[in-house]
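Chains as they are written, first to last, in my numbering: chain A, 1 to 239; chain B, 1001 to 1239.
C-beta: ideal position from N, C-alpha, C; glycine also.
Since this is a predicted model, take the numbers as computed values, not measurements.
Right, one structure below, let's go through it.
Number of protein chains: 2
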Amino acid sequence: MSPTPQVKRLQPVDVSAQTTKTRILDAAEELFMEHGFEATSLRLITTAAGVNLAAANYHFGSKEELFQAVLTRRLDPMNRQRMDLLESFEAAAGGHTLSCDKILSAMFIPALKLARDKETGGQNFLRLLGRAYADPAPFIRDFLSQQYHEMIARFRTAFAKALPHLPKDELSWRLHFVMGALSYTLAGSDVLKMIAQYQPDEADNDELLLSRLAPFLAAGLMAPATTSGSVHQMFQEAG
Amino acid sequence: MSPTPQVKRLQPVDVSAQTTKTRILDAAEELFMEHGFEATSLRLITTAAGVNLAAANYHFGSKEELFQAVLTRRLDPMNRQRMDLLESFEAAAGGHTLSCDKILSAMFIPALKLARDKETGGQNFLRLLGRAYADPAPFIRDFLSQQYHEMIARFRTAFAKALPHLPKDELSWRLHFVMGALSYTLAGSDVLKMIAQYQPDEADNDELLLSRLAPFLAAGLMAPATTSGSVHQMFQEAG
DNA sequence: AAAGAGTTCAAACGTTTGTTTGAAACTAGC
DNA sequence: GCTAGTTTCAAACAAACGTTTGAACTCTTT
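Now the structure itself:
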């Protein structure tokens, strides 16, 4: 059942098996991004990868497992980078608490690095990730929830120190908004046409994007806590 | 081909045709929300609606047109309400420019009203809408882009007056972030588990949610304009 | 060169998909 | 009570889906 090979060939490092696997992963990443999970067939993926249809099931077991493999390949290292970066920032700050901007940058910079690494097709991946966040499929939601759990918890405590005046639940909400704006923005690209008057055409799109998103979110995070019933009041006024 | 009946029966208003249509729309709304467009089959919808499978194609033509009908039914009135409300706010303010909060409330209140109208199943719809925003299908993106175009343009000019210091393109980005956070938040519900420590269980979830989102976004909108290269600098520092 | 594990391949599996069909059922107007 | 138009229904359509199969093939190891 399990095609995982034993540790044998140490010297020659037979990459032929990995090239097929990698070709499938690359093609799947691009096509899942373009059409979503449900609308992308294994036949489309294997044809684009130039491999046999059965190779997908042979190497990954099922379509769902393939999708998870696509996500894990880049998500895992990125989230580890985020936590490492946050830790190094905290170490560098000594006893001082980090600013919101600094914590936010620990979230953004690894994403930015991934987006820039064109050799690994990172730009496609961030969009795929953004879409996966909004996907209704339970196995995707559960998988992401599990993948992000540690990182989110780590950043929540960091933000809690930076924003001591903020109630715990309010902070949870705002973290939710931050993740939402981030993933939605990454997923967007063509939704932008709906709003922006011009389409930026440079390759360093993502740096520009995050450099505008970061201050926006930092300001939102640092806003004073919600006065209870403010929207309720407005709602009454508008009848 | 076109099953659209001529305007004939004026008095009795035969609702039997509309009940089938409405039953399909209601079931489709709920199932599309739960499983997404691709993963929801017409058989699932028609079975849930208690109608014959062929009725979906008879009344709506195709699955895509049914989906658009589901969206239009509520989206159209909501966006019109948003624009009307904004206009009435501007009229009430006389010559004075509106605050960001006030403009934001003109966007939120109609959504809130829709969410509250339980008889029309509005809560389900907002989630469906949020997910549709992130859907890769071109026909969905094109449809939404067209549906939102007028409203977005209207609110952009309103925000431009409220934030005269902000460059035009920066405002476009921020509007994008606002729409993103809003739609993502509405789509979320269970993504919340990833972040929040507790799950609010009250029925007026949405009012609570928007009352926390609004100040967050208002603060983001009112943040000073991006200093060029701020993230770039951070990126360099972090290596 | 023989053996054997790992991989690729064409072909087929049984389901499920959106859509179409033509007859039956229903609802008016005359 | 017949007729015409609208709606419902069971049945079938071709196409596409994820997955499985068993034989061919490619290697390294002995």
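- Item | CA nearest to the CA of Leu171/A, picked from Ile152/A, Thr47/A, Ser183/A | Here residue 171/A refers to the residue found at position 171 of the first sequence. Checking every option, the nearest Cα to that of Leu171/A belongs to Ile152/A.
- Query: With 9 Å set as the bound, which would you pick, yes or no: does the beta-carbon of Arg1080/B sit closer than that to a beta-carbon of chain A?
  - Reply: Here residue 1080/B refers to the residue found at position 80 of the second sequence. With 9 Å as the cut-off, Arg1080/B does not count as an interface residue toward chain A.
- Item | Straight-line Cα distance separating Met1107/B from Arg1023/B | The count along the second sequence starts at 1 and reaches residue 1023/B at position 23. The count along the second sequence starts at 1 and reaches residue 1107/B at position 107. Each residue's Cα considered, the two are about 29 Å apart.
- Decide yes or no for the touch test of the stretch 1026-1040 of chain B against the stretch 1098-1115 of chain B: beta carbon pairs closer than 8 Å, at least 3 of them. Taking a cut-off of 8 Å for Cβ pairs, the stretch 1026-1040 of chain B and the stretch 1098-1115 of chain B do not touch, as fewer than three such pairs fall below it.
- Task: Have a look at Arg1154/B, Glu1150/B, Met1033/B and flag the residue whose alpha-carbon is nearest the alpha-carbon of Arg1127/B.
- Result: Within the second sequence, numbered from 1, the residue matching residue 1127/B stands at position 127. That would be Met1033/B, whose Cα lies nearest to the Cα of Arg1127/B.
- Considering only C-alpha positions, which residue in the set Pro215/A, Ala223/A, Ala225/A is nearest to Leu104/A? By one-based count along the first sequence, residue 104/A stands at place 104. For Leu104/A, the nearest C-alpha among the options comes from Pro215/A.
- Of all the residues that make up the stretch 1020-1049 of chain B, which are near chain A by a beta-carbon distance shorter than 7 Å? Taking a C-beta cut-off of 7 Å against chain A, the contacting residues of the stretch 1020-1049 of chain B are Glu1034, His1035, Gly1036, Glu1038, Ala1039, listed in chain order.
- Message: Under DSSP, the alpha helix (DSSP H) around His96/A begins and ends at which residues?
- Response: Here residue 96/A corresponds to residue number 96 of the first sequence, with the count starting at 1. Segment: none, His96/A is in no alpha helix (DSSP H) and carries neither H nor E.
- Message: So, at 6 Å on beta carbons, what are the nonlocal neighbours of Asn79/A in its own chain, with the 5 sequence-adjacent residues on each side left out?
- Response: Against the first sequence, residue 79/A aligns to sequence position 79. Closer than 6 Å at the Cβ level, and outside the excluded window around Asn79/A, lie Met151.
- Query: Looking at the structure shown, is Trp1067/B part of a helix, part of a strand, or coil, going by DSSP?
  - Reply: Position 67 of the second sequence, counted from the start, is the residue given in the question as residue 1067/B. Residue 1067/B is actually Phe in this sequence, not Trp. Here Phe1067/B sits in helix by DSSP.
- Item | Length of the line joining the Cα atoms of Ala1160/B and Gln1147/B | Residue 1160/B sits at position 160 when you count from the first residue of the second sequence. Residue 1147/B sits at position 147 when you count from the first residue of the second sequence. Approximately 21 Å, taken between the alpha carbons.
- Pairwise C-alpha distance: Arg1212/B and Trp173/A: Taking the first residue of the first sequence as position 1, residue 173/A is located at position 173. Taking the first residue of the second sequence as position 1, residue 1212/B is located at position 212. Straight-line Cα distance between these residues: approximately 7 Å.
- According to DSSP, is Ala225/A helix, strand or coil? Numbered from 1 along the first sequence, position 225 holds the residue referred to as residue 225/A. The answer is coil: DSSP assigns Ala225/A none of H, G, I, E or B.
- Query: Apart from the five residues on each side of it in sequence, which residues of its chain come closer than 7 Å, Cβ to Cβ, to Gly50/A?
  - Reply: Walking along the first sequence from the start, residue 50/A turns up at place 50. Exclusion of the five residues before and after Gly50/A leaves Arg23 as the residues of its chain whose Cβ lies within less than 7 Å of its Cβ.
- Task: Would you mind telling me which residues of chain B sit closer than 9 Å to Ala137/A, beta carbon to beta carbon, in chain order?
- Result: Counted from its first residue, the first sequence places residue 137/A at position 137. Result: His1035, Gly1036, Ala1039.
- Task: Tell me whether Gly50/A sits in a helix, a strand or coil according to DSSP, three-state version.
- Result: Taking the first residue of the first sequence as position 1, residue 50/A is located at position 50. Correct three-state label for Gly50/A: coil.
- Item | Any chain B beta carbon closer than 9 Å to Pro215/A | Your numbering for residue 215/A matches position 215 in the first sequence. For Pro215/A, the answer is yes, since a Cβ of chain B falls inside 9 Å of its Cβ.
- Please determine, among Thr226/A, Ala219/A, Leu221/A, the residue with the shortest C-alpha to C-alpha distance to Leu1208/B. Here residue 1208/B refers to the residue found at position 208 when the second sequence is read from its first residue. The shortest C-alpha separation from Leu1208/B is found at Thr226/A.
- Query: Short check: CB of Leu217/A to CB of Ala158/A, under 9 Å?
  - Reply: Position 217 of the first sequence, counted from the first residue, corresponds to residue 217/A. Position 158 of the first sequence, counted from the first residue, corresponds to residue 158/A. In this structure, Leu217/A sits away from Ala158/A, with a CB-CB distance that is not shorter than 9 Å.
- Just the Cα atoms here: how many angstroms apart are Phe177/A and Leu1186/B? For the purposes of this step, residue 177/A is identified with residue 177 of the first sequence, where counting begins at 1. For the purposes of this step, residue 1186/B is identified with residue 186 of the second sequence, where counting begins at 1. Whole-angstrom Cα-Cα distance: 11 Å.
- Query: From what residue to what residue does the alpha helix (DSSP H) around Glu38/A run?
  - Reply: Translated into positions along the first sequence, residue 38/A becomes position 38. Element bounds for Glu38/A: n/a, residue is neither H nor E.
- Query: When DSSP labels each residue in this structure, what does Ala137/A get in the three-state scheme?
  - Reply: In the first sequence, the residue the question calls residue 137/A occupies position 137. Coil, per DSSP.
- Under a three-way DSSP split, which group does Ser1062/B fall into? The sequence position of residue 1062/B within the second sequence is 62, counting from 1. Collapsing the DSSP output to three states places Ser1062/B in coil.
- Message: Rounded to whole angstroms, what is the Cα-Cα separation between His149/A and Gly61/A?
- Response: Residue 149/A sits at position 149 when you count from the first residue of the first sequence. Residue 61/A sits at position 61 when you count from the first residue of the first sequence. The alpha-carbon atoms of His149/A and Gly61/A are separated by roughly 26 Å.
- Task: Keeping to the same chain, check which residues put their C-beta closer than 7 Å to that of Lys63/A; ignore five residues upstream and five downstream.
- Result: Locating residue 63/A in the first sequence gives position 63, counting from the first residue. Cβ neighbours of Lys63/A beyond the five flanking positions: Leu42.
- Top-ranked residue by Cα proximity to Leu31/A, from Ile45/A, Leu75/A, Pro138/A, Thr19/A: For the purposes of this step, residue 31/A is identified with residue 31 of the first sequence, where counting begins at 1. Taking only the C-alpha atoms, the option nearest Leu31/A is Ile45/A.
- Query: Would Phe155/A pass as a contact of Leu86/A if the rule is Cβ separation under 9 Å?
  - Reply: Reading the first sequence from its first residue, position 155 is the one you call residue 155/A. Reading the first sequence from its first residue, position 86 is the one you call residue 86/A. Yes, they are a contact pair.
- Query: What's the gap between the Cα of Ser145/A and the Cα of Ala1091/B?
  - Reply: Here residue 145/A is taken as the residue at index 145 of the first sequence, counted from 1. Here residue 1091/B is taken as the residue at index 91 of the second sequence, counted from 1. Taking the straight line joining both Cα atoms gives about 46 Å.
- Candidates Ala1134/B, Met1179/B, Cys1100/B, Asp1117/B, of which the one nearest Pro1164/B by Cα: Residue 1164/B sits at position 164 when you count from the first residue of the second sequence. Cα-wise, what sits closest to Pro1164/B is Cys1100/B.
- Query: To which residues of the same chain is Val1125/B closer than 7 Å at the C-beta, ignoring the five residues directly before and after it?
  - Reply: Reading the second sequence from its first residue, position 125 is the one you call residue 1125/B. One point to set straight first is that residue 1125/B is Phe, not Val, in the sequence displayed. Cβ neighbours of Phe1125/B beyond the five flanking positions: Glu1029, Arg1074, Leu1114.
- Look up His1176/B in the DSSP assignment and say whether it is helix, strand or coil. Counting from 1 along the second sequence, the entry for residue 1176/B is found at position 176. Under the three-state reduction of DSSP, His1176/B is assigned to helix.
- Task: Tell me whether Asp117/A sits in a helix, a strand or coil according to DSSP, three-state version.
- Result: Residue 117/A sits at position 117 when you count from the first residue of the first sequence. If DSSP states are grouped into helix, strand and coil, Asp117/A belongs with coil.
- Taking Leu129/A as the reference, which of Thr1019/B, Ala1134/B, Ala1219/B has the closest Cα? Within the first sequence, residue 129/A is the residue found at index 129, counting from 1. The shortest C-alpha separation from Leu129/A is found at Ala1134/B.
- Task: Mind checking the stretch 169-184 of chain A against chain B and listing, in chain order, the residues whose C-beta falls within less than 8 Å of any C-beta there?
- Result: Asp169, Glu170, Ser172, Trp173, Arg174, Leu175, His176, Phe177, Met179, Gly180, Ala181, Ser183, Tyr184
- Message: Given this structure, state the Cα-to-Cα distance separating Leu1025/B from Pro1136/B, to the nearest angstrom.
- Response: Counting from one through the second sequence, the residue named residue 1025/B turns up at place 25. Counting from one through the second sequence, the residue named residue 1136/B turns up at place 136. Spanning the two alpha carbons is a distance of roughly 22 Å.
- Pull up the distance between the alpha-carbon of Ala69/A and that of Phe143/A, whole angstroms please. Within the first sequence, residue 69/A is the residue found at index 69, counting from 1. Within the first sequence, residue 143/A is the residue found at index 143, counting from 1. Phe143/A has its alpha-carbon roughly 11 Å from the corresponding atom of Ala69/A.
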